[in-house]
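Q: Residues are numbered in my numbering as their position in the sequence shown, beginning at 1, plus a constant of 25. All residues carry an ideal CB built from backbone N, CA and C; glycine is no exception. Okay, here's the structure, questions in a sec.
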Amino acid sequence: MSKQKTKKTLNFFYDKEADVLYVSRGKPAASDESSETEDEVVVRKNPKTGEITGLTIINFSKRSSKSDLKLNLPFDLSFR
Numbered sequence: 026m027s028k029q030k031t032k033k034t035l036n037f038f039y040d041k042e043a044d045v046l047y048v049s050r051g052k053p054a055a056s057d058e059s060s061e062t063e064d065e066v067v068v069r070k071n072p073k074t075g076e077i078t079g080l081t082i083i084n085f086s087k088r089s090s091k092s093d094l095k096l097n098l099p100f101d102l103s104f105r
């Protein structure tokens, strides 16, 4: 019997006052481990699976403009 992966929603929340974009797969868990990259992105991972569960992108407005929402983020997503 094969294991079926649980579908998780990709959630986005932008805090304008703090200029931070939060991206999460499913509900954030207190047990997730976090590490900050050199480019002010905090990556949250599930410590058991190593799976990325979310990102916190600091100074988000400096990375984008209203006319160009393409961003280079430190991970790849695959959708099925």
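Once the 5 residues before and after F85 are set aside, which same chain residues still bring their CB inside 8 angstroms of it?
A: As a first step, residue 85 must be located in the sequence shown, where it is residue number 60. Same-chain partners within the cutoff: Y39, D44, V45 and L46.
Q: Run the CB neighbour count on G79, radius 10 Å, all protein chains shown included, and call it buried at 16 or more, exposed below.
A: Counting from one through the sequence shown, the residue named residue 79 turns up at place 54. G79 comes out buried.
Q: CB-CB under 8 angstroms to P72, same chain, minus the five flanking residues each way: which ones, in chain order?
A: Residue 72 sits at position 47 when you count from the first residue of the sequence shown. So the list reads S56, D57 and E58, once near-sequence residues are dropped.
Q: Quick one: give me the first and last residue of the beta strand (DSSP E) that S59 is part of.
A: Your numbering for residue 59 matches position 34 in the sequence shown. That run of the beta strand (DSSP E) goes E58 to E61.
Q: Just verifying my parser: in three-state terms, what is the DSSP assignment at K41?
A: For this step, residue 41 is matched to residue 16 along the sequence shown. In this structure, DSSP gives K41 a state outside helix and strand, which the three-state scheme calls coil.
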